[in-house]
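Let me begin by presenting the structure, written as structure tokens, before commenting on it.
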Amino acid sequence: MGTPTDPMGTTTTEPSRPVVVLKFGGTSVSSLARWRTIADAIRERLDEGLRPLVVCSALAGVTNALEELLRQAVIGQQEPVLGAIRERHLAFAAELGVDAACCEPELDELSRLATGAALVGEVTPRLRARVLAKGELLLTRLAAAWLETQGLPVTWIDAREWLVSDGRGNDARRILSATVDAGPDGMLVRRLSGVSVGLTQGFVASDPSGATVILGRGGSDTSAALLANKLSAVRCEIWTDVPGMFTADPHKLPQARLLKALDFAEAQEIATMGAKVLHPRCLAPLRDAGIPLQIRCTPHPAMEGTLICADAPGGPAQVKALSSRKGLVLVSMDTLGMWQQVGFLADAFAVFRDLGLSVDTVSTSETEVTASLDPTANALDDEVLAELVRRLTPFCRARVTHGCASISLVGRGIRGILHRLAPALELFEEHRVHLVSQAASDLNLTFVVDEGTAERLVVKLHQLLFSHRGTDEVLGPRWQDLFGTGAGRSAKRVVPWYETRRDELLAVAHAGTPTYVLDGPTVDARLASLRALHSVSRVLYAMKANPEPALLRRLAAGGASFETVSLGEIRRVREVVGDEAFVLYTPNFAPRSELEAALGLGVQLTLDNLHPLEHWPELVAGRELFVRLDPGRGRGHHAHVRTAGSRSKFGVSPDQLARFAELAAAA
């Protein structure tokens, strides 16, 4: 096996073999079973006549453990964490069946670094970079030893000798989130020409002086892309625990569809707007060199993934994905003085720049600018935000809003299909929208909403945008069709009642259709589940849904009450169920005769307007009244039905409550 300073230790391949870069993330390198998959992938690439260069992340969870090690070292409590990291790697060596001595030098240096941090009580960016790089260095030492036992001609390569940063950025940024210039590198091509199988680290690089730097969280994807660019690889493969990019997060929405093909701009937009499969910085080096990127699934290596390339089939203008990010912070800047003022935006955003804050999305008007900040790209502690507001105060009135989330509709030609998105956009009517931003690239339309509403909105939007679309050259199968699980977790499928009674339903259909069929046991189960809720004292069935007598008797037997809006519905309940049933009646502008008749049938009256109290107070005198309130905002609006607000005919508005109470007391 080659050494860090001699990456040409194995010379068993001819120089003409084209390079393919394979990157494996933390979950893909953390078990013997996964390494068997990796070994098979290497052999397949060799059989294709390719030269594989394997780029690895640290064992899953180890980078977090190294961060914790530094936190504990500052207070002199590093030994327990250090011991846990050592044991994790020794246990993995035992699982692989290799001698752990190959990683002892790295573990010993890690111990010295932690001790040094404890002695000075401080962690500098240089020290942090050296410690965090150990995860990848330790893993690849063990992996190289195991691959050799499998008869593979592997050469361990120190990524710090192959990737050198450009030195741009402030002190901390150029060490902890370093950038590396892309471009073909003939020297690296020559160095790799004698290597059959290369194995190196993601995330890790060096600066021009040779000191260790890191590429920031998610930097292993970027490492793979940079190496593919520099080596003029035929393709780059990112292996992870999902088979590709999806129309939404499949772990939260099992109906999400696999995206079979994307161009680089679309993939960049989806990754930037919140998808976790790829780091956004990895795409530019591949795009610039015209190198296709394949996303593959380590647990299911034969599964079709996502292909990202320059000539991906685009199809017509369409939304291809929904991306969501939580934890955003909004900064609103308003002043009348900005109207037609030259340089206001330059002055304001210079403050963000000086504080090292990267702005995410921006929305402007004549008197206000709102910008969103992503905490994954910024240090957004209270002190930083307070300083931001203080520095902005000379230019404007600045306000900070926490607890926001963005929802982005990503695809080609969004501006051209806004008219087709109208049903989807109506969903936002009942939610507070802080910011709307339409990308200049015409690749996304982004809404910033309250964080608590984002997940439900994504589910509803996905249903509207994708449920009716079939499989084509862009859209593949649903996550649940690929894995047969719900929300990304193992779950036993609940068989719907209509599948278990298929033959009976077909027999009913033969007798004539259309036919409305209800399953009694399912009705019983749904009612029982509602009545079991401790927060619900009474469950009412809306008569307008279905007044079938057998259904009403079944519901009454199960303990349901009944909600009505007409005299006919009340009479049906009394005829079928009897006088004992609790009936709630809401006379929405009913005539006096109907109200009198309903009250004579022993109903609980709900009033949703002032009219009965103003004109017939004697009818309600001495009665307990329920009041239907209009809070001003509704849910489930339709273009022709408004359940709340100024255009609604349902409910007593807040400004009418005092008058309602006055009239009720007088009656």
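Per this note's numbering, the very first residue in the sequence shown carries number 333; after that it's consecutive.
Here a beta-carbon is modelled for each residue, glycine too, at the ideal position from N, C-alpha and C.
One or two residues paired with residue i in a DSSP bridge
i	result
VAL855	Partner(s): none; VAL855 has no beta bridge.
GLN988	In the DSSP output, where bridge partners are listed per residue, GLN988 has none listed.
GLU569	LEU354 and GLN626
CYS388	PHE356 and GLN533
GLN650	ARG744
ARG619	BP columns for ARG619 are empty, so no partner.
ARG383	VAL351
PHE769	The residue asked about is misnamed: residue 769 is Ser in this sequence, not Phe. Per DSSP, THR778.
LYS562	For LYS562, which the question treats as bridged, DSSP gives no partner whatsoever.
CYS736	LEU660 and ASP782
LEU585	Its beta-bridge partners do not exist; DSSP assigns none.
ILE640	LEU594 and LEU625
TYR917	THR896 and LEU937
GLU700	ASP666
ARG903	ARG903 is not bridged to any residue.
TRP488	LEU531
Alpha carbon of residue i to alpha carbon of residue j, nearest angstrom
i	j	result
THR395	TRP829	48 Å
VAL742	LEU520	37 Å
ARG960	ARG885	27 Å
VAL352	ALA621	14 Å
GLY393	LEU677	42 Å
ASP851	ALA882	11 Å
ASN920	ASP962	14 Å
GLU836	HIS842	10 Å
PHE779	ASN561	35 Å
ARG567	GLN626	8 Å
ALA580	PRO586	9 Å
LEU311	LEU793	Past the edges of the chain, shown from 333 to 999, lies residue 311, and the structure says nothing about it.
VAL840	PRO853	18 Å
ARG522	VAL529	14 Å
CYS434	LEU470	9 Å
GLU956	GLY659	46 Å
LEU712	GLU376	46 Å
TRP811	ARG589	6 Å
SER695	PRO726	21 Å
LEU807	SER664	38 Å
ARG619	ALA556	13 Å
PRO412	GLU698	57 Å
PHE914	LEU899	15 Å
ARG825	LEU814	Model confidence at ARG825 stands at a pLDDT of 49, short of 50, so the residue's coordinates are unreliable and nothing is read from them.
ILE640	LEU689	30 Å
ASP666	GLU700	4 Å
ALA446	LEU796	53 Å
Buried/exposed call for residue i, threshold 16 Cβ in 10 Å
i	result
LYS355	buried
PHE958	exposed
ARG991	exposed
ALA514	buried
HIS421	buried
ILE417	buried
PRO846	exposed
LEU451	exposed
HIS972	Annotation note: pLDDT 48 at HIS972 (below 50); position unreliable, coordinate value reported separately. It is exposed - the Cβ of HIS972 has fewer than 16 other Cβ atoms within 10 Å.
PRO923	exposed
ARG462	buried
LEU1020	As displayed, the chain neither begins before 333 nor continues past 999, which places residue 1020 out of reach and without an answer.
GLY983	buried
LEU720	buried
TYR848	exposed
THR832	exposed
GLN409	exposed
ASN878	exposed
ILE623	buried
THR630	buried
ARG383	buried
LYS466	buried
Rounded distance between the beta-carbons of residue j and residue i, thought under 8 Å
i	j	result
VAL527	ALA477	Actually they are not in contact, since the Cβ atoms of VAL527 and ALA477 sit about 17 Å apart, beyond 8 Å.
CYS424	GLU468	For the sequence presented, residue 424 should be read as Phe rather than Cys. Wrong, their Cβ atoms sit about 14 Å apart, outside the cutoff.
PHE681	VAL674	The pair is not a contact, with the Cβ atoms about 14 Å apart (cut-off 8 Å).
ASP595	ALA644	4 Å
VAL386	LEU559	Incorrect: roughly 10 Å between the Cβ atoms, too far for contact.
ALA603	LEU547	Not confirmed; about 15 Å, so no contact.
Original post:
Is the region 535-545 touching the region 497-514 in the sense that three or more CB pairs, one from each, lie closer than 8 Å?
Top reply: yes
**OP:** Please determine if the region 573-582 and the region 608-618 are in contact, where contact requires at least 3 C-beta pairs separated by less than 8 Å.
**Re:** yes
Original post:
Using 8 Å as the Cβ pair cut-off and three pairs as the minimum, do the region 546-553 and the region 470-490 touch?
Top reply: no
**OP:** Would you check if the region 722-742 and the region 769-778 touch, i.e. whether three or more CB-CB distances between them fall below 8 Å?
**Re:** yes
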